[in-house]
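Structure first, then comments.
Here it is as structure tokens:
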């Protein structure tokens, strides 16, 4: 029996559906890039953007034809995380459920380790 490797990051069905809808509207590939930058109120902040392609060294998670990519440097800070899309009274946005975050801010876009 062969053990299948699990991706280092994950994408929820809600996030995959939202990425697919935005990509279709823009006529772009359904590739969402998550990166981590210094800054924000807690030390690090998440940055989302659409990518035209997967770069060498990217970690890739795929669900329903949608890809989530993370560069190798950011991966150290988000390994094991899941990207979700929520639409509630607080607004519609992508969120990161990051098991490495020791604390975060109220807006959910920055964290510390």
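Numbering (the working numbering), first residue to last: 94 to 206.
Glycine included, C-beta positions come from ideal geometry on N, C-alpha and C.
Practice item. Ignore the nearest five residues each way along the sequence and tell me which others in residue 102's own chain have a CB closer than 8 Å to its CB. Key: Counting from 1 along the chain shown, the entry for residue 102 is found at position 9. Around residue 102: 127, 152, 154, 161, 163, 168, 171, 172, 173, 174, 175 and 176.
Review point. Considering only residues of the region 111-140, which uninterrupted beta strand (DSSP E) runs meet the minimum length of 3 residues and lie entirely inside it, listed in chain order?
Key: 124-132
Exercise for review: Might you give, ordered along the chain, the residues of its own chain that have their beta carbon closer than 8 Å to the beta carbon of residue 145, omitting 5 neighbours on each side?
Suggested key: Indexing the chain shown from 1 puts residue 145 at position 52. The answer, listed in chain order, is 121, 122 and 124.
Check your understanding: Between the Cα of residue 165 and the Cα atoms of 114, 186, 129 and 191, which residue gives the shortest distance?
Key -> Taking the chain shown and counting its residues from 1, the one referred to as residue 165 is at position 72. Ranking 114, 186, 129 and 191 by Cα distance to residue 165 puts 129 first.
Point to revise | Own chain partners of residue 186 with C-beta closer than 7 Å, once the 5 adjacent residues on each side are dropped | key: Residue mapping note: residue 186 aligns to position 93 of the chain shown, counting from 1. Excluding sequence neighbours, residue 186 sits near 179.
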